[in-house]
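Read the structure below first, then the notes.
Residue numbers (the working numbering), protein chains in the order written: chain A, 10 to 426; chain B, 10 to 426.
And the structure:
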């Protein structure tokens, strides 16, 4: 990690030349951008503040914002400090988001993260003693703990379906969830893409089954926005919770909740401020949270422009290309278990694996020391897998370097951390 | 309002020379600082990004951060964007805050604002149908709406005590609240300092009465931290909710909740994430909210250092001095009703008034146009008062200029906005 002086030197200065408008970004990136077009993606990498020798493969935890987003946050903060707070461009924000991830602009709420979004859902519906909430053994605490709390407080029950690893196909996943539904099930809460293995669950199919059974479907969609060419109006589910500070590269602490129509006037707000009971506001009632950090939303608006400039189709193709390259390399490693699915329709931009006889936390420390690589180890549920995420700022060279290090690790082992 | 280009020019550059450590700030401000020591307070003003011709008298809504706070937020954000998030210095933050506003470092929770803090309280206790919550007709929506929602949802009742305007003494205020207590009252929720008139309520006396009656006391303390030389360990109340982005000049969207001891393990978290039910964490359970905007907390830490450098005793004396100068001037105005108390022990750094025959919103627009003055009109409860706040960056000249304009307004009226 750079020390403070070299860090500030590194970051100082050059930012102003970078284009900020959607139009300028789109124009810069108007040609090229095929998944293997290295020159194009090197130019994208240059839009970031990530040090050149850093291999960051943990976007699944937190996405680094490009310079245009950092600039937008700073400019907003300085205007507030100068006593001229610019306010939030709500229509631009909701409209831009709807263009990028689909859905109706009227459905968007902006909590601080997926965790808060899911708490809004769990607290906002009426759950009774004896009701059951069904989830899986691949949920993140952000999607899980709100239900653990609410069921504990109300005398309801939390049931956990076990998902196959690696998953074979969509119907196997849908069935694994559905086996645990009972006549007391009121809510199914599952990930769209699991944080454990990057597996895409069949939300549309689960939505069909839930609607037929009168069960609510809450989706932990922390990962897809900014990673997949998503359409919230067709993905399914009554509630979709996300964290644009992951793949959408918005500032840390930027969340999202998409409410389908009936819930915009039906959900009880969890954080009440003025207007919470003014149903004419629809979902926007839930954006009334008192004075909040509006610079986050200025940053999100800039992040949306960045992705509109790139185009989500190009982004999804690139991040899948890099993940496939990684996964293909992992398959060639001896003694390696890949927890992520082989099926492309279940896969995305994250892959998880474990090397026999190598503790994943030891491996993580080793990769960090050897080549400044940042990874995530899925210690949750005692899985012990290493997870690697690939995003637009990563290169084929990043992937190949890590694969080389993993080959060495298999051959010679890694020191205990 | 400056346009974008002149704004950026205005703010660019000079920031790095300003001292950032508590020690350097304290050393710069080691001598002087009496309430009327103009040279000293001009140097303090130079620590801000407020344009030199701006008269900002609305700190009661949002405090402008000094440059050191803006720098801390930006540096944190850039480290996150470079994939090296620094994390939160929890012990420094809680310890610094305890030095500045009193209380036990273990009691601090950091929501986004007073509104969220009060929602945590209203949702976190067990309120039943038929219970009563007592509040006043001088509460801000941030302290009020959480109770409106929770009482509506649970079939409880919200009662509203009427406070005297202007208030004469502390016992008159305590009695006005207490008259509305019934044997169903479970919670009293009042402001420490009202946003309407800047009147200090007798929290310690209400605390004594509430304890004797087995009633919980929740305090909306949005204003005192950073304005008064406060001690949270003696102020009283079970819960103290605040917004350091007001008088403590922290970044927009920085809140505070102080929990007294039994509630650190007893309060249900409203936003559950990992560890919410680990009682060994005490109040810190409620700081587990998933990935949040940690740059706010870096900014708060810097704001605490700024105030430690100044010293709260000096700050309180100065802001009271300016408010007294303003209030004395207002008393000399004909046809002017002052809603704030004459008694210094009930007063602080805000004063509210109305000029007969002059609409306060027209007056607000007039002051803004004439001298770039920012004020707040208390339209809530149809009061229609203009509120002026005085903080460390204000000068006697600011106050005198506004008084001159008010004299003119009384004499000649102001145009309709």
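All residues carry an ideal CB built from backbone N, CA and C; glycine is no exception.
Original post:
Among all the DSSP beta bridges, which residues are the ones paired with residue 337 of chain B?
Top reply: None, per the DSSP bridge assignment.
Check your understanding: When DSSP builds the beta bridges, which residues end up paired with residue 359 of chain A?
Key -> DSSP output for residue 359 of chain A lists A:398 as bridge partner(s).
Margin query: Rounded to whole angstroms, what is the Cα-Cα separation between residue 384 of chain A and residue 272 of chain B?
Written below: Rounded to whole angstroms, residue 384 of chain A to residue 272 of chain B spans 38 Å at the Cα level.
Those residues which DSSP pairs with residue 249 of chain B across a bridge: For residue 249 of chain B, which the question treats as bridged, DSSP gives the partners B:228, B:267.
Quiz item: Apart from the five residues on each side of it in sequence, which residues of its chain come closer than 7 Å, Cβ to Cβ, to residue 339 of chain B?
Solution: If the five residues before and after residue 339 of chain B are omitted, its C-beta is found closer than 7 Å to the C-beta atoms of 345, 347, 360, 362, all from its own chain and listed in chain order.
| said: Going by DSSP in three states, residue 97 of chain A sits in which element: helix, strand or coil? | reply: It is coil, neither helix nor strand.
> the ligand MN heavy atoms versus the CB of residue 325 of chain B: any closer than 7 Å?
Replying inline: No copy of the ligand MN occurs in the structure displayed, which carries no ligand at all.
Here's a check: name, in chain order, each residue in its chain whose Cβ is nearer than 7 Å to the Cβ of residue 153 of chain A, leaving out the five neighbours to either side. In the same chain as residue 153 of chain A, and ignoring 5 residues on each side of it, the C-beta atoms closer than 7 Å to its own belong to 144, in chain order.
* Asked: By the 10 Å Cβ neighbour count, where 16 or more other Cβ atoms means buried, how is residue 135 of chain A classified, buried or exposed?
  -> By the neighbour-count rule (16 or more Cβ atoms within 10 Å), residue 135 of chain A is not buried but exposed.
Of the residues A:250, A:259, A:175, A:276, which one's Cα is nearest the Cα of residue 314 of chain A?
Residue 314 of chain A has its Cα closest to that of A:259, out of A:250, A:259, A:175, A:276.
Whole angstroms are fine: how far does the CA of residue 79 of chain B sit from the CA of residue 16 of chain B?
Interpretation of residue 16 of chain B is limited by its pLDDT of 36, a score under 50 that renders its predicted location unreliable; no figure is taken from the coordinates.
Looking only at its own chain, which residues have a Cβ that is under 8 Å from the Cβ of residue 96 of chain B, when we skip the five neighbours before and after it?
Taken in chain order, the residues that qualify are 303.
_On the DSSP letters alone, give me the boundaries of the alpha helix (DSSP H) that residue 317 of chain B sits inside._
Start and end: 303-319.
Inset, instruction - Give the C-beta separation of residue 98 of chain B and residue 308 of chain B to the nearest angstrom, bearing in mind that I take them to be a contact with Cβ-Cβ under 8 Å. - result: With a Cβ gap of about 12 Å, residue 98 of chain B and residue 308 of chain B do not count as contacting.
Original post:
Given residue 166 of chain A, which residues of its chain have a CB within under 8 Å of its CB, disregarding the five upstream and five downstream residues?
Top reply: The answer, listed in chain order, is 139, 140, 141, 142, 160, 193.
- So which of B:395, B:355, B:357 has the shortest CA-CA distance to residue 368 of chain B? Ranked by Cα distance from residue 368 of chain B, the first of B:395, B:355, B:357 is B:395.
**Study point:** Buried/exposed call for residue 250 of chain B, threshold 16 Cβ in 10 Å
**Key:** A buried status is given to residue 250 of chain B, since no fewer than 16 other beta-carbon atoms sit within 10 Å of its beta-carbon.
### Message
Per the DSSP calculation, residue 119 of chain A is bridged to which residue(s)?
### Response
Answer is none; residue 119 of chain A lacks a bridge partner.
Fill in: Short-range partners of chain B found in the stretch 294-306 of chain A, where Cβ spacing is below 8 Å
Going along the stretch 294-306 of chain A in chain order, one finds 298, 299, 300, 301, 302, 303, 304, 305 with a Cβ nearer than 8 Å to chain B.
### Query
Could you give the residue range of the beta strand (DSSP E) that holds residue 141 of chain B?
Where residue 141 of chain B is concerned, the enclosing beta strand (DSSP E) stretches over 141-145.
### Message
Rounding to the nearest angstrom, what Cα-Cα distance links residue 414 of chain A and residue 59 of chain A in this structure?
### Response
As the crow flies, the alpha-carbon of residue 414 of chain A is around 21 Å from that of residue 59 of chain A.
**Prompt:** What do you reckon, are the CB atoms on residue 45 of chain A and residue 398 of chain A nearer than 8 Å?
**Reply:** Going by C-beta atoms, residue 45 of chain A is not nearer than 8 Å to residue 398 of chain A.
**Prompt:** Can you name the residues of chain B whose CB is closer than 7 Å to the CB of residue 285 of chain A?
**Reply:** Those within 7 Å of residue 285 of chain A in chain B are 154, 158.
CB-CB under 7 Å to residue 62 of chain B, same chain, minus the five flanking residues each way: which ones, in chain order?
Correct list, in chain order: 381.
List the residues of chain A whose Cβ lies closer than 8 Å to the Cβ of residue 311 of chain B, in chain order.
-> Correct list: empty, because the minimum Cβ distance to chain A is about 12 Å.
How many whole angstroms separate the CB atoms of residue 66 of chain A and residue 411 of chain A, which I take to be in contact at a CB cut-off of 8 Å? Indeed, because the Cβ distance is near 7 Å, the residues count as touching under 8 Å.
| When A:238, A:421, A:324, A:355 are compared against residue 404 of chain A, the one with the closest alpha-carbon | Each of A:238, A:421, A:324, A:355 was checked against the Cα of residue 404 of chain A, and the nearest Cα belongs to A:324.
- Query: Taking all protein chains shown into account, do 16 or more other C-beta atoms lie within 10 angstroms of the C-beta of residue 390 of chain A, making it buried, or fewer, making it exposed?
  - Reply: Around the beta carbon of residue 390 of chain A, a 10 Å sphere encloses fewer than 16 other beta carbons of the protein chains shown; the residue is thus reported as exposed.
- [ ] Taking residue 28 of chain A as the query, report the chain B residues whose CB atoms sit under 7 Å from its CB, ordered along the chain.
- [x] For the C-beta of residue 28 of chain A, not a single chain B residue is nearer than 7 Å; the gap to the nearest is close to 15 Å.
With distances taken between CB atoms, is the gap from residue 50 of chain A to residue 327 of chain A smaller than 8 Å? Yes. Within cutoff.
Chain A residues whose Cβ lies nearer than 9 Å to that of residue 252 of chain B | Against chain A, a Cβ distance below 9 Å from residue 252 of chain B picks out 299, 300.
Chain-order list of residues whose beta-carbon lies under 7 Å from that of residue 21 of chain A (same chain, five-residue window excluded): The predicted position of residue 21 of chain A is uncertain, since its pLDDT is 39 and thus under 50; no value can be drawn from it.
Exercise for review: Name, going along the chain, the residues of the stretch 348-368 of chain A whose beta-carbon falls closer than 9 Å to a beta-carbon of chain B.
Suggested key: Against chain B - using a Cβ distance shorter than 9 Å - the stretch 348-368 of chain A contributes no residues.
Would you mind giving the Cβ-Cβ distance between residue 199 of chain B and residue 233 of chain B, rounded to the nearest angstrom? I have them listed as a contact below 8 Å. Going by Cβ atoms, the distance from residue 199 of chain B to residue 233 of chain B rounds to 13 Å, so no, they are not a contact pair.
Tell me the rounded alpha-carbon separation between residue 291 of chain A and residue 35 of chain A. Those two C-alpha atoms are separated by around 33 Å.
Contacts around residue 18 of chain B, its chain only, beta-carbon distance under 6 Å, and the 5 residues preceding and following it disregarded: The predicted model places residue 18 of chain B with a pLDDT of 37, which falls under 50 and marks its position as unreliable, so this point remains unresolved.
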